[in-house]
Structure formats: structure tokens, C-alpha cells
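In order, the protein sequence lines correspond to chains X and W.
When we follow our numbering, the leftmost residue of the first sequence carries the number 3, and every step to the right adds one.
When we follow our numbering, the leftmost residue of the second sequence carries the number 111, and every step to the right adds one.
Ideal Cβ placement from N, Cα and C applies to all residues, glycine included.
In this text, all values refer to a predicted model and were calculated from it rather than measured experimentally.
Comments concern the structure below.
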Amino acid sequence: MAKTIKIRAKVKDGITTVKSLITHPMETGLRKNKKTGELIPAHFIQEVIVKHNGKEVINCEWGGSISKNPYLAFKFKGGKKDDTIELSWKDNKGQSDSVTAKIR
Amino acid sequence: MKLNQKRRVFLKGSVAASTVGLAVGAGLLTPATVLAAWNESAFHAKSVDEAIKAAAGAPVTEPSDKITIKAPDIAENGAVVPVSVVADMDGVDSITLLVEKNATPLSAIFHLPKGTLPDVSTRVKMGKTGDVIAVVKAGGKLYSARKGVKVTIGGCGG
Chain X
3 MAKTIKIRAK
13 VKDGITTVKS
23 LITHPMETGL
33 RKNKKTGELI
43 PAHFIQEVIV
53 KHNGKEVINC
63 EWGGSISKNP
73 YLAFKFKGGK
83 KDDTIELSWK
93 DNKGQSDSVT
103 AKIR
Chain W
111 MKLNQKRRVF
121 LKGSVAASTV
131 GLAVGAGLLT
141 PATVLAAWNE
151 SAFHAKSVDE
161 AIKAAAGAPV
171 TEPSDKITIK
181 APDIAENGAV
191 VPVSVVADMD
201 GVDSITLLVE
211 KNATPLSAIF
221 HLPKGTLPDV
231 STRVKMGKTG
241 DVIAVVKAGG
251 KLYSARKGVK
261 VTIGGCGG
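Shown next, in the form of C-alpha cells:
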């Protein structure tokens with residue numbers, strides 16, 4: 003799949019900055035459908051893991067209060083140009099996606 | 111949320127999944143395994159103290175001025191509030207982000223292995239005006255900081 007994730011990693015002075023955007027509805031499960039008054043079922047990302055050359059650099063647990071189409075940015079040490087960065091997510095319905103990119 | 115309600119939501123979700131052509135079996139099995147790894151009690155906690163306790167292990171945090179929360183003073187749209195947390199300390203294990211006035215305050219837990227800098231950014235939903243709280247776990251101790259954000263349009267509920 004891999005269409006849901008945009009990721010960009012850039013290294014400068016030994017510090018790699020990773021920025022990513024995921025396309026996801028992030029429903030809290032508390033919102034109501036305005037027409038029918040029924041609750042919209044919760045559907046949100048619970049787990050995001052980013053790996054650098056196979057080694058975990060961040061592990062996020064998210065709740066429904068993260069905004070729709072979530073954004074995540076963080077920094078880590080030790081990345082080099084052309085290293086592999088892999089981001090994967092899983093949501094509460096068991097859907098998942100992952101993507102790999104190279105550090106620039 | 112009570113277990114029963116959750117089950118409802120979950121069942122609805124799997125019915126929806128099956129109608130779009132996914133195997134029902136797969137739809138029913140995978141969410142259970144996802145939930146097992148996820149800190150369910152912490153994310154369903156209704157108060158800030160409960161959430162911190164469940165997420166970080168203890169309810170007591172020490173206010174610290176070494177933690178900087180970057181968030182707008184006034185958020186025009188509560189559905190998208192950009193928040194950055196930077197901690198100026200060593201050995202940070204995790205950063206926990208909470209929104210005080212939300213129905214379930216816990217928003218995110220970032221686990222940071224060694225080598226990852228305590229500097230994370232994301233965007234959160236805020237129901238109404240209140241504080242954003244960051245709890246940083248470093249060297250087995252908990253530190254916290256908060257920042258008030260004024261919300262003009264709520265992000266929870268339609």
C-alpha cells in the first residue's frame with residue numbers, strides 16, 4: 003500500500019530530523035454523525051514505529067486525540083546519508099501500513 | 111469507555127470492514143492483538159492524574175523548566191493544534207503528551223530509545239481551552255510542564 007505515509011529524513015551535523023505525515027481519519031469514537039445521531043466508530047492509529055537501519059528510533063502510542071492526518075516529527079543521532087528509514091503504523095481496526103525511505 | 115461499549119464499536123467496525131470485502135476472520139482477529147500491546151487503561155483514563163499514573167507508572171511529577179512546550183497561545187481550530195515538546199535533559203526514556211480538558215486526556219506516549227533526542231512534534235485535538243501537559247521520564251524520574259492554549263473552535267464533537 004504505502005500510499006498513506008509521506009516521510010522525509012534529513013541529516014545535518016550528525017542529527018537526523020524525520021518528518022512524516024500519515025493519511026488517516028483518526029476518529030475518536032466520541033463524535034456523532036450529524037444526520038443519524040449515531041456515534042461514529044473509533045478508528046485511529048495506536049502505534050507508530052520508526053526504524054533506522056532496522057533499529058528502533060521511536061515508538062509512539064497514540065490515542066484518538068491526535069489530529070486527523072497525523073504529523074510526527076522527531077530527531078535522532080547517528081543517521082547517515084542514504085541510510086534506510088522505515089515507518090510503520092497500526093490502527094485499532096488492525097489496519098497497518100509501512101514505508102521505507104532514504105536519509106537525504 | 112466501558113468494555114461493552116467498546117465491544118459494540120469494535121463489532122460495528124468489523125462489520126464495516128467485511129462489507130468492503132475484507133475477510134471477516136482477519137478483521138476479527140487482528141484488532142485483539144493490536145490492543146494487547148497498546149496501553150488501553152492509560153488511554154481510557156478520564157482524569158489527568160489517572161492517565162499519568164497509567165502511562166508513566168506514578169501520578170507524581172516534578173514541574174521542570176527544562177521542558178519547553180511549543181504550542182499556539184490561541185488555537186483557531188481545536189481539531190489541529192500543533193504541539194512540540196523539547197526537553198533539555200539527558201537520558202529521556204519517554205515523553206507523554208496530555209490535553210487536560212479532553213474526555214480522555216492522554217494523547218500520545220513517545221518512547222525514545224538511546225540516541226533519539228527528546229524533541230518531538232505532532233498535532234493534537236483539543237475540545238476546549240485548557241492546558242497541554244508534557245510529562246518527561248528521565249532517569250526514572252518524572253518531570254512535567256504545561257502550557258495554556260485558548261481554543262476558539264473545539265475539535266471534539268462535530
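Item: The alpha helix (DSSP H) enclosing Ser69/X, as first and last residue numbers; Value: Here Ser69/X belongs to no alpha helix (DSSP H), and DSSP marks it neither H nor E.
Item: CB of Phe46/X within 9 Å of CB of Thr25/X, strictly; Value: no
Item: Between the CA atoms of Lys104/X and Val134/W - distance to the nearest angstrom; Value: For Val134/W, the predicted structure reports a pLDDT of 37, less than 50, and the residue's modelled location is therefore unreliable. A value from the coordinates is still provided. The straight-line gap from Cα to Cα measures roughly 36 Å.
Item: Partner residues on chain W for Trp64/X, Cβ-Cβ distance less than 7 Å; Value: Ala218
Item: Under the three-state DSSP convention, the category Phe153/W falls into; Value: helix
Item: Interface residues of the region 74-103 of chain X facing chain W [CB-CB below 7 Å]; Value: Leu74, Ala75, Phe76, Lys77, Phe78, Lys79, Gly80, Lys92, Asn94, Lys95 and Gly96
Item: is_contact[Val234/W, chain X] using C-beta, thresh 9 Å; Value: yes
Item: Start-end ranges of the beta strand (DSSP E) lying completely within the region 9-91 of chain X, minimum 3 residues; Value: 17-24, 47-54, 57-64 and 73-79
Item: Bridge partners - Val195/W, DSSP secondary structure assignment; Value: Ile179/W and Val230/W
Item: Touching by the beta-carbon criterion (3+ pairs, under 8 Å), the region 187-206 of chain W and the region 49-57 of chain X; Value: no
Item: Segment contact flag, the region 185-193 of chain W with the region 85-93 of chain X, C-beta cutoff 8 Å, min 3 pairs; Value: no
Item: Span separating the alpha-carbon of Gly96/X from that of Gln48/X; Value: 10 Å
Item: CB contact check: Pro182/W to chain X, cutoff 9 Å; Value: no
Item: Cβ of Pro27/X within 9 Å of any chain W Cβ; Value: no
Item: C-beta atoms of Thr226/W and Ile60/X nearer than 9 Å; Value: yes
Item: Any chain W beta carbon closer than 9 Å to Lys12/X; Value: no
Item: Classification of Leu214/W by the beta-carbon crowding that lies within 10 angstroms, buried from 16 upward; Value: It is worth fixing the name first, because residue 214/W is Thr in this sequence and not Leu. Thr214/W comes out buried.
Item: Chain W contact residues for Ile17/X, given Cβ-Cβ distances below 8 Å; Value: Leu227
Item: Local conformation of Val190/W per DSSP, three classes; Value: coil
Item: C-alpha gap between Pro27/X and Lys70/X, whole angstroms; Value: 5 Å
Item: Alpha-carbon spacing of Leu222/W relative to Gly188/W, whole angstroms; Value: 27 Å
Item: Other residues of its chain near Lys6/X: CB distance less than 6 Å, five sequence neighbours each side excluded; Value: Residue 6/X is actually Thr in this sequence, not Lys. Excluding sequence neighbours, Thr6/X sits near Ile24, Thr25 and Asp99.
Item: Through-space distance from Val230/W to Phe76/X, alpha-carbon basis; Value: 4 Å
Item: Rounded distance between the beta-carbons of Ile179/W and Glu257/W, thought under 8 Å; Value: The sequence given here places Lys at residue 257/W; Glu does not occur at that position. 4 Å between Cβ atoms; contact.
Item: Start and end residues, alpha helix (DSSP H) containing Asp203/W; Value: Premise fails: Asp203/W lies in the beta strand (DSSP E), Val202 to Val209, not in any alpha helix (DSSP H).
Item: Neighbour list for Leu213/W in chain X, Cβ cutoff strictly below 9 Å; Value: Residue identity check: residue 213/W is Ala in the sequence provided, not Leu. In chain order: Thr30, Leu32 and Ser67.
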